[in-house]
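Sequence order for the protein chains is A and B.
So the first sequence is numbered by this note's numbering: it starts at 9 and just counts up by one.
So the second sequence is numbered by this note's numbering: it starts at 21 and just counts up by one.
Where a beta carbon is used, it is the ideal one built from N, C-alpha and C, also for glycine.
Beneath this line is the structure, given in structure tokens, with notes to follow.
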Amino acid sequence: MSEKQKLVVIGNGMAPGRMLEHLFDIEVDAFDVTIFNAEPRVNYNRLMLSPVLSGEKAYADIITHDDDWYSQHGVTLHKSAKIVEIDRSAKTVTCEHGTTTRYDKLVIATGSNPFIIPVPGHELDGVLTYRDLDDVERMIEVAEDKGHAVVIGGGLLGLEAAAGLKAQGMGVTVLHLMPTLMERQLDTAAGYLLEKAFEDLGISVMTKANTKQILGHDGKVVGVELEDGTRIDACMVVMAVGIRPSTALAKEADFAVNRGIVVSDSMLTNDPDVFALGECVEHRGMCYGLVAPLYEMAQVIAKQLTGSADASYEGSVTATKLKVTGIDLYSAGDFAEADDREEIVLRDAAAGVYKRLVLKDDKIIGAVLYGDTADGPWFFDMLKKGADVSEMRDTLIFGQAYQGGEPLDPMAAVAALPDDAEICGCNGVCKGTIVSAIGEKGLTNLDNVRAHTKASASCGTCTGLVEQLLGLTLGDAYNPAAITPMCGCTDLGHSDVRRLIKAKGLKSIPEVMQELEWKTSCGCAKCRPALNYYLVCDWPDEYADDYQSRFINERVHANIQKDGTYSVVPRMWGGVTSSSELRAIADVVDKFDIPTVKVTGGQRIDMLGIKKEDLPDVWADLGKAGFVSGQAYAKGLRTVKTCVGTDWCRFGTQDSTGLGIKLEKFMWGSWTPAKLKMAVSGCPRNCAEATCKDIGVVCVDSGYEIHFAGAAGLDIKGTEILGSVTTEDEVMEHVVALAQMYREQGHYLERIYKWAKRIGYDEIRRQIMNDPDARKAYYERFVFSQQFAQVDPWNERVSGKDKHEFKPMATLSLEAAE
Amino acid sequence: MNALTTNWVAVGLLTDIPRRGARCVKNGDMTIAIFRTSDDRVFALEDKCPHKQGPLSQGIVHDGCVTCPLHNWVISLETGLAQGADEGETPSFPVKLDGETVLLGL
């Protein structure tokens, strides 16, 4: 029996991902695991689709297991591989590409399909569902044109989709068939409050709205018509009316299927070698769509697979939270009215608070909280345990803090929770686990707790509770409101360090570390590059740049790639090039056998895959053609993107290309706290996309609008307007002064939009637009520092500087190695 | 035991390596990074981060550790072990100084 058992998993959602984590925790090598995923990607956190839609997070932020995780655990993951057949007698599964794979144990986790109401027009382009990342990407794409969206369905998913689309700048109407929103989780009073809150967000809500048809034109959605004749114009319709377990595959293979695939308490189907897991499952007549029960099922299957035959799943009571910023809503259990039930209600109209508890036989069986949900987990905990609440019935509704005399602070409420009280519902992490992890592993902040316990790592709504636990366990040592230190080497924050460097006249890294009482002998990879930048910026003529404190890219003036090779981007001033420059690049590419040549987003050319040893020779050849480093690796001035302006464009109002080149030639070589990307557009059509840059200029007939603090990376943000000026010279002075102000005040790695938000846009306008003396002083300090900064680093290295960087110290012959 | 079989090879001078920096030694297919700390101690690790094979020789050297340039894993120069919550190990090699000469044990 040397051969390992083969475990095949169909589906790669959150539930099977969690099952594998449990499985590997129990026994790393129990199975040879193969996963077939119909989606073309790894396992990501579906609960976080709403923040991705609203633009608060990116896909990369919500990945649970990256490719590396699969390879580390020896799991074979087939992406974009839909299983089309299960042969139970042969114990094989067959994928749509035709490959057949044998299993010893099989887990079906096909999830669910969104339900599409079959009204006329449901197949039009622009009718979307809200289930996976493809849906979200499609929604963001359509939302780019702004316009109006209709969301059909006022349940949890529909409302989150509506709020996300609103955040993307769309007008949104929610259509809901029932009289109040989220009627499965909320009573009518809370449903009404919720409706009001959505209207306050600018989202119109229509209840009792029965969709008759979706209107189209040229195959695309143009609106929705209701049964009562009302028409709503829309370029997008999102169907979020519910989900159905995805059971077609199981049905065809003769598994017992009702609404979902029927499983026993051990999560087995009617085949003893086949489990079913997640949203496709029906257990004791219930299908679940929330993550907590799915995770409980996942744990049971992991135990079953590793020989704990008595592990069993007994159904879940679920609690719901709505993840829409600014709306606090919590519901759990059963809250329908009945003769044998009592209710306790608290309303505070002014504060927008509504709380309702449903009791039966002195036990809580349902809870709805709106506006103040802090006690949700406490109520839910008593609900699950069936605790007798008769002793505290009079004050129960006021929450945990009011039990036992004096009102307590929220910290005490958390302190009073028992160790087995669940803090993180998504991941089933209880208080005791978090507290002991904080103690045993010496965790000091939220990120550590997330990494080690998974608490607050899924939907994030228990973050406050986890922070309180940190406070409770660590006492005064935990102070989240305090200034975040630069790194573990000091207690000082970036602002303090910058101020003290100037105030005390500190002019080298060892001096800073000595005077400011660094806790380590020579810093770390976080503080050293920061200190080096601050010193370069503050003492341009006196400080000698410490190359060993620079990140490798800035040390070797190229961008390190995943395989340890480098990429090289020469400057193309304002994005303008010529035949001789292109010919020189072509020659270099041929001579050094450069595998990839790519046009960058900043209007220049990137040569990728260059061996480190070749860099000086590559630069020498580029230098002969007149190229200098594009500093595409630098926390410094990167590109100035331009359009063709009055040179060619029939709409151009000013010489945008010329101005862009002028700015780039003036500002290249300067170091900044984080990268600095600029653009100049020749007219408000804005082809150079200046309104999402760190600093942008938009030319208009009457002169130039200067913009700043845009972002188009991890965050997306349009620029703020600094002000308008009438001449190119004024543009230069204002832009350069703004850049210098940022250079002097920004925290290392803080992009200009974050700095500007911290300082305040008005303060920046006051100093740069309205205070000519301050502006001129900034401008002059920039000009002074440029005389030391504008040295082409490639030319320096061609001439022999830092030779050691590019050559091995020794190459041992084979004999010597033996 | 190791001392008996270790073959000490001179790979260069201490001053060839920048303080708080590293240089590489090519040994057949393997690249070995020789590190020099701020207090002139030397260490040798295979030039591969246990995480995604990043070239450790290109990282920032601080207090007996190096931070990998690809994803900021921190690796102990002495043991090759990943620090903090990360887990992994890079092979390390004995290295010593004979005067100014750096000797690598293979």
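Query raised in the report: Between A/Gly450 and A/Gly483, what straight-line distance do the alpha-carbon atoms span, to the nearest angstrom?
Result: In the first sequence, counting from the first residue as 1, residue 450 of chain A sits at position 442. In the first sequence, counting from the first residue as 1, residue 483 of chain A sits at position 475. So the alpha carbons of these two residues sit roughly 13 Å apart.
Query raised in the report: Any residues in the segment 519-540 of chain A with a beta carbon nearer than 7 Å to a beta carbon of chain B? Which ones, in chain order?
Result: So the close ones are Thr528, Ser529, Cys530, Gly531, Cys532, Ala533 and Arg536.
Query raised in the report: So, is the C-beta of B/Ala102 closer than 8 Å to a C-beta in chain C?
Result: The displayed structure is made up of protein chains A and B, and chain C is not among them.
Query raised in the report: How big is the Cα-Cα spacing for A/Tyr555 and A/Arg563?
Result: Position 547 of the first sequence, counted from the first residue, corresponds to residue 555 of chain A. Position 555 of the first sequence, counted from the first residue, corresponds to residue 563 of chain A. Approximately 6 Å, taken between the alpha carbons.
Report task. Indicate whether at least one CB of chain B lies closer than 8 Å to the CB of A/Met494. Result -> Walking along the first sequence from the start, residue 494 of chain A turns up at place 486. No, its Cβ sits nowhere closer than 8 Å to a Cβ of chain B.
**Report entry** Residues that B/Ile54 contacts on chain A, provided the C-beta gap is smaller than 8 Å
**Finding:** What you label residue 54 of chain B is simply residue 34 of the second sequence in a count that begins at 1. Ordered by position in chain A, the residues that pass the 8 Å Cβ test against B/Ile54 are Met817.
Query raised in the report: Within the 8 Å Cβ cut-off, does B/Gly119 reach chain A?
Result: The residue given as residue 119 of chain B occupies position 99 in the second sequence. Cβ-Cβ to chain A under 8 Å: no for B/Gly119.
Report task. Give the residues of chain B in contact with A/Ser516, contact being defined as C-beta atoms less than 8 Å apart. Result -> The residue you call residue 516 of chain A lines up with position 508 of the first sequence. Those do not exist, as A/Ser516 stays about 13 Å from chain B at its closest Cβ, beyond 8 Å.
Query raised in the report: Going by Cα to Cα distance, which pick from A/Val245, A/Gly297, A/Thr727 and A/Gly690 is closest to A/Val144?
Result: Taking the first residue of the first sequence as position 1, residue 144 of chain A is located at position 136. Of the candidates A/Val245, A/Gly297, A/Thr727 and A/Gly690, the one whose C-alpha sits nearest the C-alpha of A/Val144 is A/Val245.
Query raised in the report: Using the beta-carbon count (16 or more within 10 Å), is A/Ile724 buried or exposed?
Result: In the first sequence, residue 724 of chain A corresponds to position 716, counting from 1. Answer is exposed; the Cβ neighbour count stays below 16.
Query - Distance, A/Gln775 Cα to A/Asp402 Cα - result: Indexing the first sequence from 1 puts residue 402 of chain A at position 394. Indexing the first sequence from 1 puts residue 775 of chain A at position 767. Near 59 Å, if we compare the C-alpha coordinates of A/Gln775 and A/Asp402.
**Report entry** Helix, strand or coil at A/Ile446 according to DSSP, with G and I counted as helix
**Finding:** One-based indexing of the first sequence puts residue 446 of chain A at position 438. Helix, per DSSP.
Report task. Take A/Asn278 and list the residues in its own chain whose beta-carbon comes closer than 8 Å to its own, dropping the five residues that flank it on each side. Result -> The residue you call residue 278 of chain A lines up with position 270 of the first sequence. Around A/Asn278: Phe263, Ala264 and Val270.
Requested in this report: Indicate whether at least one CB of chain B lies closer than 8 Å to the CB of A/Gln221.
Outcome: Residue 221 of chain A sits at position 213 when you count from the first residue of the first sequence. Closer than 8 Å: no.
Query raised in the report: So which residues on chain A does B/Gly32 lean against when the C-beta distance must stay under 8 Å?
Result: Here residue 32 of chain B refers to the residue found at position 12 of the second sequence. One finds Met817 and Ala818 in chain A with Cβ atoms closer than 8 Å to the Cβ of B/Gly32, taken in chain order.
Report task. Would you list the one or two residues that DSSP bridges to A/Tyr712? Result -> Along the first sequence, read from residue 1 onward, the residue named residue 712 of chain A stands at position 704. The partner list for A/Tyr712 (beta bridge, DSSP) reads A/Cys707 and A/Val733.
Requested in this report: Tell me, please, whether the segment 83-95 of chain B touches the segment 64-75 of chain B by the rule of three or more beta-carbon pairs shorter than 8 Å.
Outcome: yes
**Report entry** A/Lys606 versus A/Pro59, A/Leu590 and A/Ala317, residue with shortest Cα-Cα distance
**Finding:** Position 598 of the first sequence, counting from 1, holds the residue named residue 606 of chain A. Here the closest residue by C-alpha is A/Leu590.
Query - Beta-ladder partner(s) of A/Asp356, from DSSP - result: Taking the first sequence and counting its residues from 1, the one referred to as residue 356 of chain A is at position 348. Beta-bridge pairing links A/Asp356 to A/Val361.
Query raised in the report: Quick one: Cα of A/Glu414 to Cα of A/Ala720, how far?
Result: If you number the first sequence from 1, residue 414 of chain A lands on position 406. If you number the first sequence from 1, residue 720 of chain A lands on position 712. Residue confidence is low: A/Glu414 scores 44 on pLDDT, short of 50, so the model does not pin down where it sits. No coordinate-derived value is stated.
Query raised in the report: Would you say B/Ser58 faces chain A, with C-beta separation under 8 Å as the test?
Result: Residue numbering aside, residue 58 of chain B sits at position 38 when the second sequence is read from its first letter. Taking Cβ atoms only, chain A reaches closer than 8 Å to B/Ser58, which makes this a yes.
**Report entry** Per DSSP, the bridge partner or partners of B/Phe55
**Finding:** For this step, residue 55 of chain B is matched to residue 35 along the second sequence. DSSP lists B/Ala42 and B/Phe63 as partners of B/Phe55.
Query raised in the report: Any C-beta of chain A sitting closer than 8 Å to the C-beta of B/Thr105?
Result: Against the second sequence, residue 105 of chain B aligns to sequence position 85. Sequence inspection shows Ala at residue 105 of chain B; the Thr mentioned does not correspond to that position. B/Ala105 counts as touching chain A.
Query raised in the report: Can you give the Cα-Cα distance for A/Ser339 and A/Asp33, rounded to whole angstroms?
Result: For this step, residue 339 of chain A is matched to residue 331 along the first sequence. For this step, residue 33 of chain A is matched to residue 25 along the first sequence. Going from the Cα of A/Ser339 to the Cα of A/Asp33 covers about 32 Å.
Query raised in the report: Are any of the Cβ atoms in chain A nearer than 8 Å to that of B/Arg61?
Result: As a first step, residue 61 of chain B is located in the second sequence; it is residue number 41 there, counting from the start. Taking Cβ atoms only, chain A never reaches closer than 8 Å to B/Arg61, which makes this a no.
**Report entry** Residue nearest to A/Ser575 in terms of C-alpha spacing, selected from A/Met615, A/Leu257, A/Arg26 and A/Ala592
**Finding:** Translated into the one-based positions of the first sequence, residue 575 of chain A becomes position 567. The shortest Cα separation from A/Ser575 among A/Met615, A/Leu257, A/Arg26 and A/Ala592 belongs to A/Met615.
Requested in this report: Flag this pair as yes or no: are the beta carbons of A/Ala317 and A/Val308 separated by less than 8 Å?
Outcome: Translated into positions along the first sequence, residue 317 of chain A becomes position 309. Translated into positions along the first sequence, residue 308 of chain A becomes position 300. Cβ distance not < 8 Å, so A/Ala317 and A/Val308 don't count as in contact.
Query raised in the report: In angstroms, rounded to a whole number, what distance separates the CA positions of A/Val366 and A/Leu391?
Result: Taking the first residue of the first sequence as position 1, residue 366 of chain A is located at position 358. Taking the first residue of the first sequence as position 1, residue 391 of chain A is located at position 383. Answer to the nearest angstrom: the Cα atoms are 10 Å apart.
Query raised in the report: In angstroms, rounded to a whole number, what distance separates the CA positions of A/Ile729 and A/Gly496?
Result: By 1-based counting over the first sequence, the position of residue 729 of chain A is 721. By 1-based counting over the first sequence, the position of residue 496 of chain A is 488. Cα to Cα, A/Ile729 sits roughly 38 Å from A/Gly496.
Query raised in the report: Any idea if A/Gln827 is buried or exposed, counting beta-carbon neighbours within 10 angstroms, 16 or more meaning buried?
Result: No answer is possible for residue 827 of chain A: the residues shown for chain A start at 9 and end at 826.
Query raised in the report: Do the segment 101-118 of chain A and the segment 180-188 of chain A touch if we need at least three Cβ pairs shorter than 8 Å?
Result: no
Requested in this report: Classify B/Asn47 as buried or exposed, calling it buried when 16 or more other Cβ atoms lie within 10 Å of its own Cβ.
Outcome: If you number the second sequence from 1, residue 47 of chain B lands on position 27. Buried, since its Cβ has 16 or more Cβ neighbours within 10 Å.
Query raised in the report: For B/Val81, which residues from the same chain have a beta carbon less than 7 Å from its beta carbon, with the 5 sequence-adjacent residues on both sides left out?
Result: To locate residue 81 of chain B, count along the second sequence from 1; it is residue 61. When the five nearest sequence neighbours on each side are left out, the beta carbons in the same chain lying within less than 7 Å of the beta carbon of B/Val81 are those of Arg40, Gly41, Ala42, Phe55 and Thr57, in order along the chain.
Report task. Mind checking which residues open and close the beta strand (DSSP E) that includes A/Pro2? Result -> Residue numbering for chain A in the displayed model covers 9 to 826; residue 2 of chain A lies beyond these limits and cannot be assessed.
Query raised in the report: Quick one: what's got a C-beta closer than 6 Å to A/Trp627's C-beta in the same chain, skipping five residues either side?
Result: As a working note, residue 627 of chain A is residue 619 in the first sequence. Trp802 and Val806.
Query raised in the report: So A/Ser689 and A/Gln794 are in contact, right, with Cβ under 8 Å, and what is the actual spacing, rounded?
Result: On the first sequence, residue 689 of chain A is found 681 positions in, with the first residue counted as 1. On the first sequence, residue 794 of chain A is found 786 positions in, with the first residue counted as 1. Their Cβ separation, rounded to whole angstroms, is 25 Å, which puts A/Ser689 and A/Gln794 out of contact at 8 Å.
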